[in-house]
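Take a look at the structure below.
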Amino acid sequence: MARGIRSIKILGMCLVAALLLAGGGLVVLARRQVPAAEPAPDVVSVAELDQLIVRLRPLQTPLGKPRPFDWLAMYHEPEQTFRQYLASEPVQPDRVRRVLYVQPLGAMTLKQREIVDLTAEFMQRYFGLPVTAMPDLSLNEVPAKAQRPSPFGGRQILTGYVLDRVLKPRLPDDAVACIAFTAADLWPGEGWNFVFGQASLRGRVGVWSLARQGDPAAGPDGWRLCLLRTLKVATHETGHMFGMGHCTLWECNMCGSNSLPEADRHPLALCPECLAKLCWCLGVRPEEHLRRVSEFCAAQGLETERQAAAAALKALPAPVPEPAATSRE
Ligand SMILES: [Zn+2]
Ligand SMILES: [Zn+2]
2 MARGIRSIKI LGMCLVAALL LAGGGLVVLA RRQVPAAEPA PDVVSVAELD
52 QLIVRLRPLQ TPLGKPRPFD WLAMYHEPEQ TFRQYLASEP VQPDRVRRVL
102 YVQPLGAMTL KQREIVDLTA EFMQRYFGLP VTAMPDLSLN EVPAKAQRPS
152 PFGGRQILTG YVLDRVLKPR LPDDAVACIA FTAADLWPGE GWNFVFGQAS
202 LRGRVGVWSL ARQGDPAAGP DGWRLCLLRT LKVATHETGH MFGMGHCTLW
252 ECNMCGSNSL PEADRHPLAL CPECLAKLCW CLGVRPEEHL RRVSEFCAAQ
302 GLETERQAAA AALKALPAPV PEPAATSRE
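Per the numbering used here, the sequence shown starts with residue 2, numbered consecutively.
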C-alpha cells in the first residue's frame with residue numbers, strides 16, 4: 002500500500018465487534034475537511050514537541066504483537082508519526098470554527114446523563130477547546146426506516162441517518178465538530194450487526210452509543226468503567242476528526258480496537274507521538290493538557306489514568322519562566 006501522506010487511511014469506525022463484512026466500505030480518507038483558515042495559535046513549537054517525544058518515549062509501552070481478531074490483526078495500517086501528521090495538513094480549529102458540540106440523543110438514565118456530562122467536561126480539558134452541550138434531541142428524529150429490530154433484542158438506529166440527517170443540518174457555524182451520545186444501540190448498515198460509534202471526518206459529526214459501554218448503575222466500579230470507556234471513545238474519535246490516524250507503535254488512546262476487551266486494554270493516555278500531534282493541532286501546551294487530564298482523573302477516581310498523566314507531567318522539562326516585569330518607578 003502506498004504510504005502517501007495525503008492518502009493515509011483513517012477508519013472513522015473503530016470499535017467494531019462481531020464484524021460480518023471484513024473491511025466493508027467504511028474507510029474514509031483523511032484530507033482537509035475544513036476550508037483553509039488561520040491555524041491555532043502557535044503556543045508550542047515543532048522543535049519543542051520533537052523534544053517532548055524524546056523525553057516521554059522511555060515511559061511508553063510498545064504495542065505488542067496483535068492477538069487474534071485485534072484491530073491490527075484484521076487491518077493493515079501504516080504508521081503515522083508526528084512528522085507525517087504535520088505533512089498531512091490536518092484539520093485545525095480556527096477563529097471561526099473552534100467549539101466542540103455535544104448532542105444528547107434520545108432518553109437516558111440519570112447515570113448515563115452523568116457520564117455524558119462528565120465526558121463533555123473531559124473533552125474540554127483534553128482538547129483545550131470550548132465544549133457546548135446542545136439541547137436534547139428525541140429519537141423521534143430517527144424515522145422507522147432508519148431503525149430495525151436488533152439481532153440482540155430491542156431496536157437499533159442507523160448511524161448514517163443520524164450523521165447525515167440529524168447532525169449535519171444542525172451543525173452550528175462555529176462548530177469544529179459535533180458528537181452525539183445516545184443510549185440506543187447503533188448499526189452502520191447492511192453486513193454489520195452493531196457498532197459502538199461512527200464518525201464522518203469530512204462532515205465533522207459523529208455518534209457514539211453508551212449501550213455497550215457497561216452499566217453505569219452497577220456500583221462505583223461499574224460507573225467508573227462506563228465513564229472510562231466513554232472518555233476513551235469520545236477522545237479517540239474526535240482525535241480522528243483532527244486527522245490523527247491509528248497508533249500502530251505504542252499503547253495509546255489512538256490505537257484501533259476491534260472489540261471491547263481490546264479497547265479496555267488500550268490506555269486513555271496518548272503516546273508521545275500522538276500527544277505531540279494533539280498539542281500542535283490545537284495549540285495546547287502539553288503540560289496544560291496533562292495537568293487538566295490528571296486533575297479530572299483524580300476527581301473521578303481514575304487512579305491508573307491519573308498516575309499516567311502525572312508521570313508524563315513529571316518527565317517534561319520545567320517550563321521556562323516568564324521574564325520578570327521591570328518597573329520604571
Ligand atoms: Zn479509530
Ligand atoms: Zn499514539
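We put the CB at the ideal spot given by N, CA and C, even for glycine.
Between Gln-308 and Leu-119, the CB-CB gap reaches or exceeds 8 angstroms. A straight line joining the alpha-carbon of Leu-106 with that of Leu-172 spans about 14 angstroms. Annotation for Asp-51: the continuous alpha helix (DSSP H) segment containing it runs 47 to 57. By the neighbour-count criterion, in which 16 or more other beta carbons inside 10 Å mark a residue as buried, Leu-269 falls on the buried side. Relative to ligand 2, the beta carbon of Leu-283 is positioned no closer than 7 angstroms to any heavy atom. A contact is defined here as three or more CB-CB pairs under 8 angstroms, and the region 145 to 165 fails this definition with respect to the region 72 to 79. The beta carbon of Tyr-102 sits closer than 6 angstroms to those of Thr-133, Met-135, Ala-176, Cys-179, all from its chain and outside the five residues before and after it, given in chain order. At a cut-off of 7 angstroms, the beta-carbon of Glu-80 does not count as near ligand 2: no heavy atom of the ligand is closer than that. Following the DSSP letters along the chain, one finds Val-167 in no alpha helix (DSSP H), marked with neither H nor E. The Cβ atoms of Glu-274 and Phe-128 lie no closer than 8 angstroms to each other. The beta carbons of Asn-254 and Lys-233 sit closer together than 8 angstroms. A direct Cα-Cα distance of roughly 16 angstroms separates Asp-71 from Val-196. In the structure shown, Thr-62 falls within a coil segment according to DSSP collapsed to helix, strand and coil.
A distance below 8 angstroms between beta-carbons, with the five flanking residues on each side excluded, links Glu-306 to the following residues of its chain, in chain order: Leu-229, Pro-268, Leu-269, Ala-270, Val-294, Cys-298. The secondary-structure analysis by DSSP pairs Thr-133 across a beta bridge with Tyr-102.
Runs of the beta strand (DSSP E) lying entirely within the region 218 to 296, each at least 3 residues long, are absent.
One thing to note: Cys-280 has its Cβ within 8 angstroms of the Cβ of Leu-50.
It is roughly 18 angstroms from the alpha-carbon of Ser-260 to the alpha-carbon of Gly-223. Note: Ser-210 is bridge-paired with Thr-183 in the DSSP secondary-structure output. Here Ser-139 is exposed: its Cβ has fewer than 16 other Cβ atoms, across all protein chains shown, within 10 Å. A distance of 8 angstroms or more separates the beta carbons of Gly-192 and Ser-201. Counting only heavy atoms of ligand 2, the residues whose C-beta sits closer than 6 angstroms to one of them are, along the chain, Cys-248, Trp-251, Cys-253, Met-255, Leu-271, Cys-272, Glu-274, Cys-275. Taking Leu-283 as the centre and dropping the five residues before and after it, the same chain places the C-beta of Ala-41, Gln-93, Pro-94, Phe-128, Gly-129, Leu-130, Phe-243 closer than 8 angstroms to its C-beta, in chain order. In this structure, Ala-235 sits away from Ala-212, with a CB-CB distance that is not shorter than 8 angstroms. Going by beta carbons, Arg-286 and Val-47 fall outside the 8 angstroms limit. Distance from Thr-231 to Ile-116 at the Cβ level is roughly 5 angstroms; contact confirmed, criterion being Cβ atoms closer than 8 angstroms.
Annotation: Val-167 to Glu-142 spans about 7 angstroms, alpha carbon to alpha carbon.
Taking the CA atoms as reference points, Leu-303 sits about 11 angstroms from Pro-221. Note on geometry: alpha-carbon atoms of Asp-165 and Ala-219 lie some 34 angstroms from one another.
In this structure, the beta-carbon distance from Leu-314 to Glu-296 does not fall below 8 angstroms. Assigned with DSSP and collapsed to three states, Ala-200 falls in strand. Excluding residues up to 5 positions away in sequence, Pro-217, Ala-218 lie with their Cβ nearer than 6 angstroms to the Cβ of Lys-112 in the same chain.
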